[in-house]
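Heads up: the sequence lines are chains A and B, in that order.
Each residue of the first sequence is one higher than the one before, counting from 1 in my numbering.
Each residue of the second sequence is one higher than the one before, counting from 1001 in my numbering.
By construction, the Cβ of each residue, glycine as well, lies at the ideal position given by its N, Cα and C atoms.
2 protein chains.
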Amino acid sequence: MTVAYKQQSADRLQESLGLVQRLIERQRQLEHLATRPDAVETAADPLALQHNLQELGHKLSQLHPADIAHVLEALPLEDRLLAWDLTDPSRDGSVLLEVSDAVRESLIEVMEPDELVAALDELDADELAELAPDLPRQVVYEAMGRLDEEERGQLQAVLSYDDDRVGALMDFELVKIRADVSCEVVLRYLRRFDELPGQTDKIFVTDEAGLLKGVLSVRKLLVSDPDTLVAEAMATEVVSFHPDEPAVDAAQAFERYDLVSAPVVDERGALLGRLTVDAMVDVIREESDSEMLNLAGLKEEEDLFAPVIDSVKNRWSWLAINLCTAFFASRVIGAFEHSIAQLVALAALMPIVAGIGGNSGNQTITMIVRALAMGQMQLGQAGRLWRKELGVSVINGMVWGGVIGAVAWLLYGSVSLGLVMLAAMTLNLMLAATMGVMIPTLMQKLGKDPALGSSVLITACTDSGGFLIFLGLATLFLL
Amino acid sequence: MTVAYKQQSADRLQESLGLVQRLIERQRQLEHLATRPDAVETAADPLALQHNLQELGHKLSQLHPADIAHVLEALPLEDRLLAWDLTDPSRDGSVLLEVSDAVRESLIEVMEPDELVAALDELDADELAELAPDLPRQVVYEAMGRLDEEERGQLQAVLSYDDDRVGALMDFELVKIRADVSCEVVLRYLRRFDELPGQTDKIFVTDEAGLLKGVLSVRKLLVSDPDTLVAEAMATEVVSFHPDEPAVDAAQAFERYDLVSAPVVDERGALLGRLTVDAMVDVIREESDSEMLNLAGLKEEEDLFAPVIDSVKNRWSWLAINLCTAFFASRVIGAFEHSIAQLVALAALMPIVAGIGGNSGNQTITMIVRALAMGQMQLGQAGRLWRKELGVSVINGMVWGGVIGAVAWLLYGSVSLGLVMLAAMTLNLMLAATMGVMIPTLMQKLGKDPALGSSVLITACTDSGGFLIFLGLATLFLL
């Protein structure tokens, strides 16, 4: 896309969103008036309907594709489809690139195959690759047929890598030069472009075989004497990535070294493409989003206005797991029904022991998950961190267990009940600390995402464990 | 800093970390041998000790400041301080900029005031401003005294804004030009720099009064004819930010428009400084981190190897709140002790109702918190989303409540107990949906962070509410 659309501040964007929403609402009212059989005489002028739609289309046409995407995300499904219908078809492709997966699905669903093929026409191979998994197979083939051979090769290369690998995020729009020319020549060469690719902060220096020899940063090019050779001005120690490296590792390197773009090379050192910071920002955003969603028990990003049944499906699996663990905890209590029947205060106090354990365990697990994700914690240090978390839990157990034990003593007039409460709290917090360190480190050792299910698992342990410890101690010492 | 240190891939960085850790371990063993009174003859050669330290220092000196920061984050406190001691003092400042707040504190604590002042010598005004809140007041004054007047003004400007505002993240290293010169002149002007500021993807065009007239992107400069005037080549519709805008809004604009840098202007339109994408990446990272930490009940980022007492303090407040809500839930149960004494199965079943409600409520709240944070949800849509979430909860309640009701019927042989279970599950899930939408929207309306405490509050509602609904229904219909 060569047309630049106006970029807007956050406030202005929210204003635009509000305006679009008001226009759509007015449209709905007009439509409603026009179709009311009982009041034909007050029916809205079809011209007013038409005029309103035009105004809406005009407003949308002024927006940047990323802003149209934002507006579409914030609209309920039927309004979203109306706005989508009014969006200039030549921008459909770039808008589809910007929306979230969930919303993208809802938009693609209502498009005809030929509309889709037309929308893809504007896109580069790497952009096409980003959309491909969500498109009907037939549409992808047709779009591929319109690419030239080089682009088709690029598309296939990108599609051959998993979503979470560097290769899937490669961009092929880059500027290559040779090392044996002067900066003057490079400047003249660049002037022959209509436009340089976005995020061009460095130019890649390759030899005849396509091997990466170094990079010439644009900042360096601009301050260099025109007669300097590229070979002298370029940097040869370059952070480069392999296409099968994890994308999150690359994103962390961008973050650490404040990179704007970086080369992707194969094992021979041949330049395949480049990564840019905008794609890495998306990786960082998605990574922390998916950690948060996983911790909350949502399978994946959900369209805010998804039909009820889609939301049910998305949340189904974690609720089912939670149900099993809750049922297990319930059976633990069931095993002590005899004790509870004798001392019914136990039923009231046991959720406190379980609840505090769950909260504390979630604190530990969140810390460990983050440290593992950031590469700050090595598996060999699990023992050391476990000892530290045990220390924290003993202190917390003594203090909070003491408080709640004292309250139990006052409420129920039994010192020994208070002492059992204190002991159970401390032991369950120690269990929470142990599992809080063990679960994510084990997950990592098994090559799984340490965030996945951690919260549900730790709560399962502290619930069942808490009930078992408290009711067990009570049965031993109180009855 | 003009020296470029080698940047490393993720694997290489982990290798470096491992090597540093092995060297430190060897050092500890040598020290131990050298001080063992019972085995003087096997005591390590002081030369070996010295040699090992040199090797460690050499390894550290090869690392990029961001990598030293990474290594320090991953080391336990005493090892971290040994490594910090061996770090070249001239790089102390840039390493301090890269470490997390918690680790920064631990490093600053062991530094003498004059070491600190020396470390700050290398830093720009905006970098100094970033460290200032963590430094002893006296050190800040001394460092300020060494700045020239312009820099002192910049430092004071940055310090006058809250942490979470654009103004606090401004950078003053930028290139300014006039509109009435040709691109050729600009290129010659740039060549007079030794080095252009990092992340320079655009040059700012100002008039005599310092007002921003437009920006000339470097990409445009490079493809423009040398005779073109800046006024013709520059873009005049520019996304710019005000210093008192929220930093997260700016970060979202960077994300939407794939920006690398953007101007910060005052209300008259005078150029104050610029924002760069590396600072915005940090904002995005911190924003999602703090959401995650808030949801988990951690007050702030915690040093993985913090002393036990610091960790206790960091987690104290949420645990205390949790204790109060758990105690309240316990009193709800206490009010039904009479019912439980009659039908002890209630004690075993009630945590299932509460647990599933909590899980489901957390799913809803996570969705709403994210949608609010991303500006995808307007407060006016709360009602619509609430109806949707109610629909989800009714379906889930019928299905899962049905399953667990059937199990309860089979286990305890009572149809009516199963029906009460079904009804209580459905009602508690509806409560979870209602509070899951209400809590974050209310928080937002009150101008608070919608993530803050959301998880603890929703769990409090679904626990107390779940116990009340289930035990209440059971008391009405079963006893």
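With its beta carbon at least 7 Å from every one in chain A, R1012(B) lies outside the interface. For the options I352(A), L123(A), S455(A), the alpha carbon positioned closest to that of N294(A) is the one of S455(A). Note on geometry: alpha-carbon atoms of A1296(B) and S1224(B) lie some 53 Å from one another. Excluding five sequence positions before and after A451(A), the CB atoms of its chain that fall closer than 7 Å to its own CB belong to E291, N294, L295, V369, given in chain order. Rounded to the nearest angstrom, the gap between the Cα atoms of W1400(B) and L323(A) is 8 Å. Taking a beta-carbon distance threshold of 7 Å, R1026(B) does not count as an interface residue toward chain A. Going by C-alpha positions, G198(A) is about 10 Å away from S261(A).
Contact between the region 218-237 of chain A and the region 182-192 of chain A is present: 3 or more CB-CB pairs across the two stretches fall below 8 Å. Pairing D1201(B) with V1218(B) gives a Cβ-Cβ distance under 7 Å. Pairing G1210(B) with S61(A), the inter-Cα distance amounts to about 33 Å. Within the model, the alpha-carbon separation for Y1161(B) versus A1279(B) is close to 16 Å.
Per DSSP, S393(A) is one residue of the alpha helix (DSSP H) stretching across 382-412.
Rounded to the nearest whole angstrom, the CA to CA distance from A1231(B) to V1238(B) is 14 Å. At a cut-off of 7 Å between C-beta atoms, I1439(B) does not count as an interface residue with respect to chain A. An exposed status is given to R1146(B), since fewer than 16 other beta-carbon atoms sit within 10 Å of its beta-carbon. A check of alpha carbon separations from R1080(B) across R1091(B), G1057(B), H1338(B), L1107(B) identifies L1107(B) as the nearest. Listed by position along chain B, the residues whose Cβ is nearer than 9 Å to that of E105(A) form an empty set, because the closest Cβ is around 16 Å away.
The Cβ atoms of L116(A) and R104(A) lie no closer than 7 Å to each other. Inclusion of E1208(B) and V281(A) in the CB contact set at 7 Å is not warranted, their separation being larger than that value.
Taking V1020(B) as reference, the option from A1074(B), A1382(B), E1267(B) with the minimal CA-CA separation is A1074(B). Contact annotation for M111(A) against chain B: no contact, minimum CB-CB distance about 22 Å [criterion: below 9 Å]. The region 324-343 of chain A makes contact with the region 462-479 of chain A: 3 or more CB pairs, one atom from each, lie closer than 8 Å.
In the three-state reduction of the DSSP assignment, P1450(B) falls in the coil class, being assigned neither a helical nor a strand state. With respect to the 7 Å criterion, G355(A) and A432(A) are not classified as neighbours on the basis of their beta carbons. Your pair D134(A) and D101(A) checks out as a contact, with CB atoms roughly 7 Å apart and the cut at 8 Å.
Contacts with chain B at 7 Å (Cβ-Cβ) do not include L478(A).
Assigned with DSSP and collapsed to three states, S1224(B) falls in coil, not helix or strand. The residues N1052, in chain order, have a CB closer than 6 Å to that of Q1027(B) in the same chain once the five nearest residues on each side in sequence are set aside. Taking a contact to require three or more Cβ pairs closer than 8 Å, the region 1386-1393 of chain B and the region 1433-1453 of chain B qualify as touching. For the set S360(A), S330(A), F305(A), G383(A), the Cα lying nearest the Cα of L77(A) is the one of F305(A).
Around F193(A), the beta-carbon contacts reaching into chain B at under 7 Å are V1223. By the Cβ test, the region 242-255 of chain A is in contact with the region 1006-1020 of chain B, since at least three Cβ pairs between them sit closer than 8 Å. In the three-state DSSP reduction, F1204(B) falls in the strand class (E or B). Think of a sphere of 7 Å around the beta carbon of P1076(B): the chain A residues whose beta carbon falls inside it are R384, in chain order. The CB of Q1062(B) never comes closer than 9 Å to any CB in chain A; the least such distance is about 11 Å. Under the 7 Å criterion on CB atoms, P1136(B) is classed as non-interfacial with respect to chain A.
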